Amino acid sequence: MLGDSKMKSRLDKLLVEKGFCRTRSQARDIIRLGRVKINGKVHVKPGTLINHNCDISVERRKYVNRAAEKLEHALKKLSIVFESRTVCDIGASTGGFTQVALIHGARKVYAVDVGKDQLADEIRKDKRVVVLERVNARYLSRNLLGERVDVVLCDVSFISVVKVLPAIRSILKSDGNALVLVKPQFEVGPEYLHHGLVQDFSKHREAIMSIVFEALQNDLNACNIVTSDLPGANGNFEYFLHLSSSHELNIITEEKVIEVINAARKMHRGELL
Numbered sequence: 121m122l123g124d125s126k127m128k129s130r131l132d133k134l135l136v137e138k139g140f141c142r143t144r145s146q147a148r149d150i151i152r153l154g155r156v157k158i159n160g161k162v163h164v165k166p167g168t169l170i171n172h173n174c175d176i177s178v179e180r181r182k183y184v185n186r187a188a189e190k191l192e193h194a195l196k197k198l199s200i201v202f203e204s205r206t207v208c209d210i211g212a213s214t215g216g217f218t219q220v221a222l223i224h225g226a227r228k229v230y231a232v233d234v235g236k237d238q239l240a241d242e243i244r245k246d247k248r249v250v251v252l253e254r255v256n257a258r259y260l261s262r263n264l265l266g267e268r269v270d271v272v273l274c275d276v277s278f279i280s281v282v283k284v285l286p287a288i289r290s291i292l293k294s295d296g297n298a299l300v301l302v303k304p305q306f307e308v309g310p311e312y313l314h315h316g317l318v319q320d321f322s323k324h325r326e327a328i329m330s331i332v333f334e335a336l337q338n339d340l341n342a343c344n345i346v347t348s349d350l351p352g353a354n355g356n357f358e359y360f361l362h363l364s365s366s367h368e369l370n371i372i373t374e375e376k377v378i379e380v381i382n383a384a385r386k387m388h389r390g391e392l393l
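The C-terminal position of the sequence shown is numbered 393 in my numbering, with every residue numbered one higher than the one before it.
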């Protein structure tokens, strides 16, 4: 606890009370991303009790959307190289993943989305970005791009990742890498959702292992997995799965998947309450 005053509140609650954030969910995000300082010191635990008189500062957001922050933190734990590479961002939306790829030195990024006019202007105007709108990811092909790419980034909703694996493989080079955001709520049946949440963690495991298996059928090795430091918008846990078209990397085991799921549960403990 910080300060001696009896007037203390949880840090996430205090950020809302003082107008730094609209919701406690938003407050938890920026706290855990290390963007909040109390008396000049970074604090990353939303539940820390803080004196109301403490000096609070919040670092401004530098990305076009929340997805970019998810990816940036995942890259600290994964070996994905963007420098001078050609990238395809599937499910680009406002361009968060594209933005991160550009920041890390991508030579060219194909920003693909089934929607239209969503990409942030600053991303759309970048000469390294090729905008492909109203494109269904399932039908993405090498012919459409005119080349194969080094890296695929994938963040899709309301569709299983399994559905886009053939397209991912078709556009990847033989030594390419893909980073897929796995959202269990779109991988399991509606009968396993409770207010939009997948609370049975055995279903997380089944969903991930299903993608690992289907990736292998599409000549892609699932070689690593990490939890997203930020949960989904509704509080669902999410995972970044690293796929490779090279056969030099080992396939992750089910034990590894369980380990990562347990780490996610520990990290986000209390987020679903």
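The beta carbon of each residue, even a glycine, is placed where N, CA and C say it ideally should be.
Note that the coordinates shown come from a computational prediction; the quantities given were computed from them, not determined experimentally.
Sequence-distant residues of its chain with Cβ nearer than 8 Å to residue i (five each side left out)
| i | result |
| --- | --- |
| T373 | none |
| E391 | Bear in mind that the predicted position of E391 carries a pLDDT of just 42, short of 50, making it unreliable; the figure below should be weighed with that in mind. Same-chain partners within the cutoff: R148, P351, G355. |
| Q305 | L313, G316, L317, V318, G352, N354, N356 |
| V377 | R325, I328, M329, V332, I345 |
| R142 | V136 |
Same chain, Cβ closer than 7 Å to residue i, five either side skipped, listed in chain order
| i | result |
| --- | --- |
| K133 | R144 |
| Q238 | S213, T214 |
Cut-off 6 Å between Cβ atoms - residues of its own chain near residue i, not counting five sequence neighbours on either side
| i | result |
| --- | --- |
| E307 | S280, A327 |
| F140 | V178 |
| H224 | F202 |
| D175 | N159 |
Contact with chain D by residue i, beta-carbon distance below 8 Å
| i | result |
| --- | --- |
| A212 | Absence of chain D from the displayed structure is noted, only one protein chain being present. |
Bounding residues of the alpha helix (DSSP H) (the contiguous stretch that carries residue i)
| i | result |
| --- | --- |
| I331 | 321–337 |
| R144 | 144–152 |
| K293 | First-last for K293: 292–302, but that is the beta strand (DSSP E), not the alpha helix (DSSP H). |
For residue i, the first and last residue of its enclosing beta strand (DSSP E)
| i | result |
| --- | --- |
| I345 | 341–347 |
| V272 | 269–274 |
| K128 | 128–130 |
| S364 | 359–364 |
Assumed close pair residue i, residue j - CB separation to whole angstroms, cut-off 8 Å
| i | j | result |
| --- | --- | --- |
| A384 | T347 | 4 Å |
| L340 | I288 | 7 Å |
| V184 | E242 | 7 Å |
>> For the region 306–321 against the region 254–272, do three or more pairs of beta-carbon atoms, one drawn from each stretch, fall closer than 8 Å, so that the two count as touching?
In response: Flag = no, the region 306–321 and the region 254–272 do not touch.
>> Please give the ranges of any beta strand (DSSP E) in the region 208–262, keeping only runs that are unbroken, at least 3 residues long and fully inside the region.
In response: Complete beta strand (DSSP E) runs here, min 3: 228–233, 249–253.
> Pairing CB atoms from the region 318–326 with CB atoms from the region 289–300, are three or more of them under 8 Å?
Replying inline: The answer is no - the region 289–300 does not touch the region 318–326, with fewer than three Cβ pairs under 8 Å.
> How do the region 227–234 and the region 251–258 stand: do at least 3 beta-carbon pairs fall below 8 Å, yes or no?
Replying inline: Verdict: yes, contact present.
> Going along the chain, which unbroken runs of the alpha helix (DSSP H) with 4 or more residues stay wholly within the region 156–200?
Replying inline: Counting only runs of 4 or more residues that sit fully inside the region 156–200, the alpha helix (DSSP H) segments are 186–194, in chain order.
>> Below 8 Å, how does it come out for the region 162–171 and the region 360–372: are there three or more Cβ pairs, yes or no?
In response: No: the two stretches stay apart, fewer than three of their Cβ pairs being nearer than 8 Å.
> With contact counted as at least three CB pairs below 8 Å, one residue from each stretch, are the region 267–281 and the region 208–216 in contact?
Replying inline: Contact between the region 267–281 and the region 208–216 is established, with three or more Cβ pairs separated by less than 8 Å.
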